[in-house]
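Scroll down for the structure; my scribbles are underneath it.
Chains as they are written, first to last, in my numbering: chain A, 5 to 477; chain B, 21 to 345.
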């Protein structure tokens, strides 16, 4: 039997699956232990946190769909007995937005434009030549008179797309209200009224409103993007909306995997330094002071330069472009992680120093509990809030750092879609008249849309988990 | 005090040795002198003889760490590590790939870097602290709430956006200042103005929010209540008493970066074409001039450690209870 596709698991994909599995296990673990619930409950009651969570989930959903990779079957290979799969690695997300991916123009075009950005010379049948803006192959190609018809068509398409959006939203709201009503064994109407009047502990009204706003944007965008290039096209004619959506995965991978990569190291070294003290502490302190004293950007630059040299010397290790780009992304995560674990390590060491003098640890020592058991059972769970806060706080900074690093030339692979690469390529077109602004605008907007909720969520999480702030606020 | 500084300087030595070894490992173990020769000679002219000639010309024809062929102390000193890496301890940075003296380049290029970084630092600090104190003055009002929201929004915007938007608006549309470039002397002011303004604005979000949390922690303390009970105005309490007592956490974050101001900013300088150390580093990265990058990494570490010592000294200036011994 031949599958119509061959699944491909890139290295970062595997790590993302691992991360998801870890989150699920952690969720189950916390769910079963009542004493771990209060901070999460505080988080669930924070309105900014829940609104941010909705937006972040939307980003995460796209990122996850974009992490299920496969190679499609080539059906026109003659005389091959075994099925032949394409060398191009696609993702489920690519398959969903095939029209966006396939409709490539020749060069720049403005958002919603029907004409190209650049003039070309055309030969008329009479032997004359004219300089004109050619019509786009796909963007608004069905319009006879773009100048007159475009806006009415855009309006009509938007209006038509809003109807299913509103229905979906209403259905979702009803489902949530019904679910809550069932769990609390109350009447649907009563629960619905509470949500409407914002009387519930969890801010369901704000959550539903956020979902509504997202749907009101998403549906028209989807409907319009099939007819037009809603964010224009780039230098080689690719749809900028598609590029911006594809960049989401890159941003998320850098934001999450970087901290995941460094986490085991920081945890192990931080806790052991604080607990054992003596020469172990000295050695670990020396290690992180040394790493810390090299300015971060420069260390990243040096490491990435060396990685490029290494990858250039061993091209055989990376067979396809996708694998190569993926390896480079993973290396970048590791390098960023290696330079940023020192802060967390220092925090963990300090906290462990404090914890080891607590009475319950002394009691465990007096009972003869083994050291590693004390470390894993008594100290590790009590520093986890620091880990959680640090991981979430670091996320937004890493997403922003990607853009800067790509600008410096030590970021992700140029063949990989990322906001940094989009900004970098658009920057060269700043001087053109009229300005090519849509690529920059799209990259900055999508980045802002991810980083702002991430920052708000991180703040709420810190407020909920930091024992110094306490539950009264 | 002097004994303390001497001791700190001695502590710095093992750390700098670590940095030195680390950069050496990064740059020479992965990228051997043979590879460097190949890159520089270009693909066409690579012959074993040419590689050896290039290595001799540039001083890379020695063993990496241990020269078994030499005698006595030369076993250690007649190596690439000693000549290229350890020599940085006395600030001999050697030559860049195009044959220029790196030490001299650094000395001439640090002034333009400083011309941008110093005003950004000083004015930015003043602006951030003032805004933070004003937010604290209006605490738990709508002004405070929206001020913090604005700060979070401002720190969520990529620094590249501020630069590109600033260049476009001020430089291109309004034509107030030249878009990029640099000149010596007083002429420099018009080139420096825009980068400085952008540097300050892009730092307001995170800076203001950070100082606000510091001041909010201070304001719950007893001395503030005493000052209010004496009948001092709230503004006086904030700008005199709270500011003074908040100096320790402020200095912790601020003084450490003072020596690093010499290094300039990679992004800002390359966008505005300022011939400082930041753009020097960027150019070296683009042309894969590892000698320069190595020198900058080492210099950065030295300056960072100097910053840490300065921080400790600055504590004694603002808090008489702290004595360094």
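Glycine included, each C-beta is placed from N, C-alpha and C at the ideal position. Quick caveat: nothing in here was measured; it's all calculated off a predicted structure.
Own chain, CB closer than 7 Å to residue i, minus 5 neighbours either side, in chain order
{"i": "residue 9(A)", "result": "74, 75, 76, 77"}
{"i": "residue 328(B)", "result": "276"}
{"i": "residue 304(B)", "result": "312, 313"}
Coarse secondary structure for residue i, derived from DSSP in three states
{"i": "residue 149(A)", "result": "coil"}
{"i": "residue 321(B)", "result": "helix"}
{"i": "residue 417(A)", "result": "coil"}
{"i": "residue 101(A)", "result": "coil"}
{"i": "residue 136(A)", "result": "strand"}
{"i": "residue 121(B)", "result": "strand"}
{"i": "residue 55(B)", "result": "helix"}
{"i": "residue 150(B)", "result": "helix"}
{"i": "residue 161(A)", "result": "helix"}
{"i": "residue 113(B)", "result": "coil"}
{"i": "residue 461(A)", "result": "helix"}
{"i": "residue 243(A)", "result": "strand"}
{"i": "residue 229(A)", "result": "helix"}
{"i": "residue 124(A)", "result": "strand"}
{"i": "residue 16(A)", "result": "helix"}
{"i": "residue 346(B)", "result": "Any answer about residue 346(B) is impossible in this case: the structure gives chain B only from 21 up to 345."}
Cβ-Cβ distance between residue i and residue j below 8 Å
{"i": "residue 156(B)", "j": "residue 258(B)", "result": "yes"}
{"i": "residue 297(A)", "j": "residue 24(B)", "result": "no"}
{"i": "residue 266(A)", "j": "residue 376(A)", "result": "no"}
{"i": "residue 330(A)", "j": "residue 22(A)", "result": "no"}
{"i": "residue 232(B)", "j": "residue 152(B)", "result": "yes"}
{"i": "residue 108(B)", "j": "residue 315(B)", "result": "yes"}
{"i": "residue 51(A)", "j": "residue 468(A)", "result": "no"}
{"i": "residue 360(A)", "j": "residue 278(A)", "result": "yes"}
{"i": "residue 406(A)", "j": "residue 241(A)", "result": "no"}
{"i": "residue 245(A)", "j": "residue 104(A)", "result": "yes"}
{"i": "residue 147(A)", "j": "residue 122(A)", "result": "no"}
{"i": "residue 149(B)", "j": "residue 182(B)", "result": "no"}
{"i": "residue 352(A)", "j": "residue 274(A)", "result": "yes"}
{"i": "residue 66(A)", "j": "residue 252(A)", "result": "yes"}
{"i": "residue 403(A)", "j": "residue 461(A)", "result": "no"}
{"i": "residue 348(A)", "j": "residue 63(A)", "result": "no"}
{"i": "residue 143(B)", "j": "residue 220(B)", "result": "yes"}
{"i": "residue 442(A)", "j": "residue 115(A)", "result": "yes"}
{"i": "residue 254(A)", "j": "residue 303(A)", "result": "no"}
Where residue i falls, given that 16 or more other Cβ within 10 Å makes a residue buried
{"i": "residue 435(A)", "result": "exposed"}
{"i": "residue 159(A)", "result": "exposed"}
{"i": "residue 451(A)", "result": "buried"}
{"i": "residue 237(A)", "result": "buried"}
{"i": "residue 130(A)", "result": "exposed"}
{"i": "residue 204(B)", "result": "exposed"}
{"i": "residue 170(A)", "result": "exposed"}
{"i": "residue 166(B)", "result": "exposed"}
{"i": "residue 237(B)", "result": "exposed"}
{"i": "residue 86(B)", "result": "exposed"}
{"i": "residue 221(A)", "result": "exposed"}
{"i": "residue 197(B)", "result": "buried"}
{"i": "residue 133(B)", "result": "buried"}
{"i": "residue 341(A)", "result": "buried"}
CA-to-CA distance, residue j to residue i, given in whole angstroms
{"i": "residue 192(B)", "j": "residue 135(B)", "result": "23 Å"}
{"i": "residue 432(A)", "j": "residue 411(A)", "result": "11 Å"}
{"i": "residue 160(B)", "j": "residue 235(B)", "result": "14 Å"}
{"i": "residue 271(B)", "j": "residue 163(A)", "result": "56 Å"}
{"i": "residue 70(B)", "j": "residue 54(B)", "result": "10 Å"}
{"i": "residue 332(B)", "j": "residue 355(A)", "result": "23 Å"}
{"i": "residue 312(A)", "j": "residue 234(A)", "result": "36 Å"}
{"i": "residue 263(B)", "j": "residue 239(B)", "result": "10 Å"}
{"i": "residue 58(B)", "j": "residue 98(A)", "result": "40 Å"}
{"i": "residue 113(A)", "j": "residue 139(A)", "result": "10 Å"}
{"i": "residue 440(A)", "j": "residue 429(A)", "result": "11 Å"}
{"i": "residue 120(B)", "j": "residue 175(B)", "result": "39 Å"}
{"i": "residue 254(B)", "j": "residue 248(B)", "result": "7 Å"}
Interface residues of chain E facing residue i [CB-CB closer than 7 Å]
{"i": "residue 451(A)", "result": "Judged by its chain identifiers, the structure shown contains no chain E, and its protein chains are A and B."}
Residues near residue i in its chain [Cβ-Cβ closer than 8 Å; skip 5 each side]
{"i": "residue 161(A)", "result": "224, 227, 228, 231"}
{"i": "residue 321(B)", "result": "35, 36, 39"}
Neighbourhood of residue i by C-beta distance below 6 Å, restricted to the same chain and skipping five residues each side
{"i": "residue 322(A)", "result": "328, 331"}
{"i": "residue 449(A)", "result": "none"}
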